[in-house]
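Read through the structure below, which is laid out as structure tokens, and then see the notes.
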Amino acid sequence: MLRKTYGVVTVEPYMAETFKEKVRIYGNPEKLTSVVATVPPIHMEEIERPELADKAEEKLLEFCRQAVRQGADVLIPGEGMLNEFAYTRGLTHCGGIPILDGYAVLWQYAKMMHELHKTCNLHASRRSCRKPDEKQLNEMRQFHKMYHLTEADFS
């Protein structure tokens, strides 16, 4: 069945706004039903420690159910750690609604582009996926406590 709407589950309210902005920039905002932040957030420690993982899984599923109640018929874990957690826990659905494995989508997309290049000489383009502007990059760097690196930093 072709799905029509999607919801994103993210670990931080700050990231919720970032995902909404990315959807607006990259397209298809009318299909986004919700961006649900896990409040209180699911922390990496909860995911990595076996004695806490069951509780973290239930928290994640509760926020997925919230996105479903808001109309999502596909669920997208917003960050890599949530995606990896869902994958390692075998979470493929929540109440019959699929949980997208973002890494699998990327690998399959890369495979498709390779095949299209071999068979049709089609090339990937960055024109359809705009690069984040400097303001967005600075916000992400600040959030993740990163700093801007230039080539001179490595030379």
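Note that my numbering has the sequence shown beginning at 126, numbered continuously upward.
All C-beta atoms, glycine included, are put in the ideal place defined by N, C-alpha and C.
Quick caveat: nothing in here was measured; it's all calculated off a predicted structure.
Distance check between residue 132 and each of 277, 199 and 177 places 199 closest, using alpha-carbon atoms only. Annotation for residue 221: no alpha helix (DSSP H) segment contains it, and DSSP assigns it neither H nor E. Within 10 angstroms of the beta-carbon of residue 197 lie 16 or more other beta-carbons, which makes it buried.
In this structure, DSSP gives residue 202 an extended state, which the three-state scheme calls strand. Within the same chain, Cβ atoms closer than 8 Å to the Cβ of residue 138 are found at 162 and 164, the five residues on either side in sequence being excluded. Separation of residue 152 and residue 146 (C-alpha to C-alpha, rounded to the nearest whole angstrom) is 10 Å. Each of 159, 174 and 207 was checked against the Cα of residue 194, and the nearest Cα belongs to 159.
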